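J.:
Protein chains in written order, with the numbering used here: chain A, 1 to 350; chain B, 1001 to 1294.
(1) Closest by CA to residue 151 of chain A, which one among A:290, A:67, A:90 and A:65?
(2) Can you tell me where the alpha helix (DSSP H) holding residue 1133 of chain B begins and where it ends?
(3) Tell me which residues of the region 1190–1202 of chain B have at least one Cβ-Cβ distance to chain A shorter than 7 Å, keeping chain order.
(4) Is DSSP giving residue 195 of chain A helix, strand or coil here?
(5) Does the pairing of the region 1250–1267 of chain B with the region 1140–1151 of chain B give three or more beta-carbon distances under 8 Å?
(6) Closest by CA to residue 65 of chain A, which one among A:144, A:29 and A:133?
(7) Going by the CB atoms, is the gap between residue 324 of chain A and residue 338 of chain A shorter than 7 Å?
(8) DSSP state of residue 1152 of chain B, grouped into three classes?
(9) Quick one: give me the first and last residue of the alpha helix (DSSP H) that residue 1041 of chain B is part of.
(10) Label residue 1126 of chain B either buried or exposed according to how many other C-beta atoms from any shown protein chain fall within 10 Å of its C-beta, with 16 as the threshold for buried.
(11) Measuring alpha carbon to alpha carbon, tell me which of A:224, A:129, A:181 and A:195 ends up nearest residue 160 of chain A.
(12) Could you check where the alpha helix (DSSP H) with residue 1082 of chain B kicks off and where it finishes?
(13) Name, going along the chain, the residues of the region 1205–1221 of chain B whose beta-carbon falls closer than 8 Å to a beta-carbon of chain A.
(14) For the pair the region 1154–1164 of chain B and the region 1224–1235 of chain B, tell me if three or more CB-CB distances fall below 8 Å.
(15) What runs of the alpha helix (DSSP H), each 4 residues or longer, lie entirely inside the region 25–87 of chain A?
(16) Inspect the CB distances between the region 1207–1216 of chain B and the region 1265–1278 of chain B and report whether three or more fall short of 8 Å.
(17) Along the region 1165–1188 of chain B, where does the CB come closer than 7 Å to a CB of chain A? Name the residues.
(18) If you measure from the beta carbon of residue 80 of chain A to each beta carbon in chain B, is any gap under 7 Å?
(19) Beta-carbon separation of residue 1190 of chain B and residue 86 of chain A under 7 Å?
(20) Can you check whether the CB of residue 219 of chain A is closer than 7 Å to the CB of residue 273 of chain A?
(21) Have a look at residue 1099 of chain B and residue 1083 of chain B and give me their C-alpha separation to the nearest angstrom.
(22) What does residue 63 of chain A touch in chain B if you count any residue whose Cβ is under 7 Å from its own?
(23) Short check: CB of residue 268 of chain A to CB of residue 257 of chain A, under 7 Å?
(24) Using 8 Å as the cut-off, can you tell me whether the region 68–75 of chain A makes contact with the region 110–130 of chain A, which would need three or more C-beta pairs spanning the two stretches below that distance?
(25) Kindly provide the ranges of any alpha helix (DSSP H) runs that are 4 or more residues long and lie completely inside the region 1187–1271 of chain B, ordered along the chain.
(26) What is the DSSP secondary structure of residue 156 of chain A, reduced to helix, strand or coil?
(27) If contacts are defined as beta-carbon pairs under 8 Å, then residue 157 of chain A and residue 83 of chain A qualify, I think. What distance do you get, rounded to the angstrom?
(28) For chain B, find out if any of its Cβ atoms is closer than 7 Å to the Cβ of residue 106 of chain A; answer yes or no.
(29) Is there at least one Cβ from chain B nearer than 7 Å to residue 92 of chain A's Cβ?
(30) To which residues of the same chain is residue 266 of chain A closer than 8 Å at the C-beta, ignoring the five residues directly before and after it?
(31) With DSSP collapsed to three states, give me the class of residue 1056 of chain B.
(32) Beta-carbon of residue 59 of chain A versus every beta-carbon of chain B: anything under 7 Å?
(33) Which residues in chain B sit within 8 Å of residue 351 of chain A, going by Cβ to Cβ distance?
(34) Taking 7 Å as the cut-off, decide whether the C-beta atoms of residue 1177 of chain B and residue 1093 of chain B are in contact.
(35) Is the CB of residue 86 of chain A under 7 Å away from at least one CB in chain B?
(36) For residue 189 of chain A, count the other beta carbons within 10 Å of its own beta carbon; 16 or more makes it buried, fewer makes it exposed. Which is it?
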C-alpha cells in the first residue's frame, strides 16, 4: 500500500542534490509543493529538471538532502511505495496490454476487487475521453490518444502527486495546445498536486501556479508565472524567459532608474539589483517597438511575417543583434528607430 | 508497346523487384547448391536402401531399439540443455543490461564460442578427470571419498553443452532484453509493481517471442551434438546420440542410404519441436516492444 495519502499538506525538498560521478547534475533544490498546486520545473535541456523529478518519483536516489511528505521522510522509500502517478515523455505504455489493462495496472498491483477496478478504469477513461478505445492495444492509438492513456493510468490510483516529464514534447503543435488545456482541466478536477517538467516557457506560464526555473543543475528562481515573466531575478533567467535582447552596457544610476547605452543611444531602465558600472540590459522583443523618433537606430537584417505582426532582427551601431516586433510592415535593409519603456528595460549586474 | 513494357517494369518495381534484386542470385545459388541439393539428394537416397523396399531404412530404424532409442537419448540431453541455457540467460542478461562494463563481461562470456567444442572438451577432460584439479581438491579437503565422475557420462556432455551453448543464448537474450524500453519497468514501479511483478507482468510477456526464437536456435544446436558426446560422454551408452548413429551408419558401415534416413529423421524431430515452439509464440503478444512515436 502506498504511503502517501490524498490529504497531504505539502511535499518538501530540502537541499536535494544528485551527483553522477564527478558531475553535479542537481544541487541545492529547496522547494515546497502544497496540495492542489501545479508547479512547473522549467529549464533548458540538461539543466537537471528531469533529475529533480526522478528524485521525487524515487526512480533516482538523491545523493544530498531529504524529501518529505508532511512528516514522512520520502527519499528512503522506493518508487513502488510512494504511490505517485507519473506520465513519461514517451508515455511508456505497456505495449502488450490493452488500454483497459494499462490503465488498470496500478489498481491490480494494489489488489483491488475486480468490480472496483472496472469502475475506476471506466471513470478514468471517461475523464480522458477514451471510453471507446478501451480494448485497443497502445500501438493502435495515435500519439495524442496514447498520451491520454498515460494520463489515465497515472491518475486512476488517485495519487496525491502527479509527476509529468515533458509529456507534450512528442506531440504536434495543435495537439500540444489541446492537451495542455486537457492537463489543466484534469488537474483542477482531481485536486491533486502536479509537478510538470518542461523546457517550453509558454507551457510553464500557461499551466503552472508556480514555476521553478533551473539552469545548470541549480534552481535560479521560484515564483508565479507573472513574477517570472515580468521580473526575472537574473540575466540568464531573463534570457530563458524570452528576453532575447541581452546587451552589455555601462550603467549610471539616475534616481530609481538607471541609465544604460544600447546601440550607442542613452536610454533609461529599471535596475533589478544593485548595479555597478558594468551591466546587462534585457528587453523582450515585444517591448522594443519601432517609432518615428525612437532613440535606438538599427539596420534590419531579417524580417519575418508572423500574421498578426512582424518579427525582425536588426543590427545596432555597436554590432549588437536586436530583436523586435512591429505592427507595421518591416523590410530587410530598412533603418528603424526603436524605443522601449523604462519599466520594460531590465538592468542586471554584469 | 513501350508503354506496356514500362508499366510492367513499374509494376515489378512497386513489388520491390528491380535491378538490385538480381544481387540476390548468388545467395540463391549458394543455398541451392549447399543446402537444397544435399537435402533433396539425401531425402531421395534415404528411400533407396541397400536391400528391401523403399521404406526399408525407416522400418529398420524404428524396429531396432538400439537405433530408435537414440532419439529419446538425444532429447534427454538437448531439451534440458536448451532449457537450462535459455532460462539461465534471462536473469544474467537482465543484470548485464544495467552494467557499465557490459562489453568486458560480454567478451568473457563469448570466449567459449570462439574456442570451439573440441578445445572446451579437452579442457574439461583434464580439469574434471579422475586426476584433474577438481577431484584433487575434493579429495584433498575430504569433501569426497572417491573421485567424482563428471566425464565420460551424461554430466560431462551436459556441462560442455552449457559452456558452449550458454554464451549463444545469452547474446540472443541480451539483445532482446535491451530492446525493451527501460521506461516500461519504471512505469511499472511507479504503479506499485515490485520487481517480481514487473518481471512476470511486463518483461516476460515482452521477452516471450524472443525467448521462443532463442529456444528454437539453441535446441537445433543441442540436438545435433556430436563432438562433446563422443569426447566427454559415453558414446556407446547413455550419450549415444542420434548423430553418432548417423555417423556410424555412414562411415563405419558405409550404408549411406541408412545414414541419410537417420539425418532425415533428425531434421523431422527438429522441425516438429521448432514448429511447436513458434506456434506457442503466437499465443502470447507478438507486436513491437515499444510504443513510442518519436
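All C-beta atoms, glycine included, are put in the ideal place defined by N, C-alpha and C. Remember, it's a predicted structure, so these values are computed and weren't measured experimentally.
T.: Answer, in terms of the structure:
(1) Of the listed residues, the one whose Cα sits closest to residue 151 of chain A is A:90.
(2) In this chain, the alpha helix (DSSP H) harbouring residue 1133 of chain B covers 1133–1140.
(3) For the region 1190–1202 of chain B, the set of residues with a beta-carbon nearer than 7 Å to any beta-carbon of chain A comprises 1190, 1191, 1192, 1193, 1194, 1197 and 1202, in chain order.
(4) In the structure shown, residue 195 of chain A sits in a strand (DSSP, three-state: E or B).
(5) Touching, no, given that fewer than three Cβ pairs across the two stretches are closer than 8 Å.
(6) Ranked by how close their Cα comes to the Cα of residue 65 of chain A, the residues A:144, A:29 and A:133 have A:29 in first place.
(7) Contact: yes.
(8) Residue 1152 of chain B falls in the coil class under three-state DSSP.
(9) Unbroken alpha helix (DSSP H) run through residue 1041 of chain B: 1037–1046.
(10) Exposed, since its Cβ has fewer than 16 Cβ neighbours within 10 Å.
(11) The shortest Cα separation from residue 160 of chain A among A:224, A:129, A:181 and A:195 belongs to A:195.
(12) 1065–1097 is the extent of the alpha helix (DSSP H) around residue 1082 of chain B.
(13) Listed by position, the residues of the region 1205–1221 of chain B near chain A (Cβ gap below 8 Å) are 1205 and 1206.
(14) Touching, yes, given that three or more Cβ pairs across the two stretches are closer than 8 Å.
(15) Fully enclosed alpha helix (DSSP H) runs of 4 or longer: 49–57 and 79–82.
(16) They touch, by the three-pair rule.
(17) So the close ones are 1181, 1183, 1184, 1186 and 1187.
(18) Residue 80 of chain A counts as touching chain B.
(19) Yes.
(20) No.
(21) As the crow flies, the alpha-carbon of residue 1099 of chain B is around 25 Å from that of residue 1083 of chain B.
(22) Within chain B, not a single residue places a beta-carbon under 7 Å from that of residue 63 of chain A; the smallest gap is close to 17 Å.
(23) Yes.
(24) Segments in contact, no.
(25) Listed in chain order, the alpha helix (DSSP H) elements of length 4 or more contained wholly in the region 1187–1271 of chain B are 1204–1223, 1227–1231 and 1242–1251.
(26) For residue 156 of chain A, the secondary structure class from DSSP, reduced to helix, strand or coil, is coil.
(27) For a cut-off of 8 Å, the C-beta gap from residue 157 of chain A to residue 83 of chain A is around 7 Å, short enough to register as a contact.
(28) Closer than 7 Å to some Cβ of chain B, the Cβ of residue 106 of chain A qualifies, so yes.
(29) Residue-level contact by beta carbon holds for residue 92 of chain A and chain B, with a gap shorter than 7 Å.
(30) Closer than 8 Å at Cβ, skipping near neighbours: 259, 260 and 295.
(31) Three-state DSSP puts residue 1056 of chain B in a helix.
(32) True, the Cβ-Cβ gap to chain B drops below 7 Å.
(33) Absent from the model: residue 351 of chain A. The displayed extent of chain A is 1 to 350, so no value can be given.
(34) Yes.
(35) True, the Cβ-Cβ gap to chain B drops below 7 Å.
(36) A residue is called buried once 16 or more other Cβ atoms fall within 10 Å of its Cβ, and residue 189 of chain A, having fewer, is exposed.
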